[in-house]
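Have a look at the structure below before the remarks.
Numbering (the numbering used here), first residue to last: 6 to 144.
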């Protein structure tokens, strides 16, 4: 059962997590940014946080949840790119700016873990249904 539904369950979990962040950022962008001590002092700043952290995360989350059975490959690739982008950015910042606060450090480990799990699941999906990946179709 885990082999059959594990990837779908993971994508639904990731989708719910992204959608949760998205809704929180849309409704309360100041609250989201308070974790990193950033103050939003003008409409442009509010708009940027609502768009990037809010709507982008919400729509990524919806895509992952709704595509979790028919778009597994695409969903896993999205999670890999998104989480590894954060890992690279946070790691670069760690090297040039120093140690971030505990909130950001926890996210770094969460994003790295999510990316690694998604890479493992993508490899597993390819091994289970190699033709679907050769032909470019999700199964």
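Quick reminder that beta carbons are idealized off the backbone N, C-alpha and C, glycines included.
* Expressed to the nearest angstrom, what Euclidean distance is found between the alpha-carbon atoms of residue 41 and residue 78? -> 33 Å
* Asked: Taking the alpha helix (DSSP H) that residue 117 falls in, what are its first and last residues?
  -> 107 to 133
* **Inter-stretch contact (C-beta, 8 Å, three-pair minimum) for the segment 104 to 117 and the segment 59 to 75** => no
* Asked: Cα separation between residue 11 and residue 46?
  -> 43 Å
* Asked: What does a CB cutoff of less than 8 Å around residue 120 pick up in its chain, not counting 5 residues either side in sequence?
  -> 84, 85, 88, 89, 92
* To do: Using the Cα positions of residue 122 and residue 24, report the straight-line distance between them to the nearest angstrom.
  => 19 Å
* Could you tell me which of 13, 125, 132 sits nearest to residue 71, measuring between CA atoms? => 13
* Just the C-alpha distance for residue 144 and residue 82, rounded to the nearest angstrom, thanks. => With a pLDDT of only 47 at residue 144, under 50, the local geometry of the prediction cannot be trusted, and the value read off the model is given with reservation. Spanning the two alpha carbons is a distance of roughly 15 Å.
* Alpha carbon of residue 129 to alpha carbon of residue 48, nearest angstrom -> 45 Å
* Asked: Hey, out of 96, 50, 100, 21, whose CA is closest to residue 4's CA?
  -> With the chain represented from 6 up to 144, any question about residue 4 goes unanswered, as that position is not in the structure.
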